[in-house]
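Taking it in order: structure first as structure tokens, then the write-up.
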Amino acid sequence: MNTLKAIIFDLDGTLLDTLDDITNSCNYTLNQLKLSHVKKEDVRRYLGNGAKALWVHILKHNINYLDEALSIYLPYLETHSKIRTKPYEGINELLHQLKIDYQLAVVSNKHQEAVSEIIDYYFKGMFDVVIGERPGIPKKPDPAPLNLAIKELQLNKHEVLFIGDSEVDIQTAKHADVKVIGVSWGFRDYIELVHEKPDYLIHKVDQIQKIIQGE
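The working numbering numbers the first residue of the sequence shown as 58 and each following residue consecutively.
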């Protein structure tokens, strides 16, 4: 990867294990609505397309509660998003190593304010560009947010590598014609990722450096 100048990451399920805090926030919301709890494994499967899509799945038999659920869930998660959330093992070390030679960016389907706040909390000063959900910009798997990150990095699609844990991330990269690494430690099963045919599919954080170095 001689032309590589930047690595762009997904957030949830790639850099941070946010599943417990998201699940707890979902179940707090369901409590307020007097609805049955959702299992963590179900939340894991539904993540990747943003909060509204998550709640469309959770409320498939009670969709009339959607707006109310979001009005409870989003502010609650904002104040309860750093209780059990933590970087995956080896991520901090990886970022410090990559930062020496490359620009770093994040592209997430979370709201921009939430992404910026959580990145500043866990990875302060580490990322050059942080892209979250913004008005007028479609979410992943539309390539628009990834293309925006590339533009803000002042690079082209051949100079970046995207890393994510879901079919949404792999499809986003393909739509943008960007090379992509799928990671199996996040919110999707290995078989699901194989089906999406990423350029690389890995199971451990330290494999990222090996791919970049061409080993």
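From the three backbone atoms N, C-alpha and C, an ideal C-beta is built for every residue, glycine too.
It should be emphasised that the depicted structure is a prediction, and the values quoted were computed from it without experimental measurement.
Three or more beta-carbon pairs drawn from the region 210-228 and the region 236-244 are found closer than 8 Å, and the two stretches are therefore classed as touching.
Pairing Asp78 with Ile140 gives a Cβ-Cβ distance under 7 Å.
Thr60 and Glu216 do touch by the CB rule: their CB atoms are close to 5 Å apart, below 8 Å. Rounded to the nearest whole angstrom, the CA to CA distance from Leu151 to Glu253 is 25 Å. Val187 is a Cβ neighbour of Ser173, given a cutoff of 7 Å. Residue Asn106 holds the alpha-carbon nearest to the alpha-carbon of Asn166 among Glu146, Asn106, Met183, Tyr130. The region 206-250 is shown to contain whole beta strand (DSSP E) runs of 3 or more residues at 217-221, 236-240, in chain order. For Gln154, there is no enclosing beta strand (DSSP E); the enclosing alpha helix (DSSP H) covers residues 148-156. Assignment of Tyr257 by DSSP, reduced to helix, strand and coil, places it in the strand class. In terms of Cβ geometry, Ser93 and Leu134 do not form a close pair [threshold 7 Å].
Contact between Leu155 and Ile64 holds: CB atoms are separated by about 6 Å, below the 8 Å threshold.
Around the C-beta of Glu146, fewer than 16 other C-beta atoms lie within 10 Å, and the residue is accordingly described as exposed. In this structure, the CA atom of Glu190 is about 31 Å from the CA atom of Lys267.
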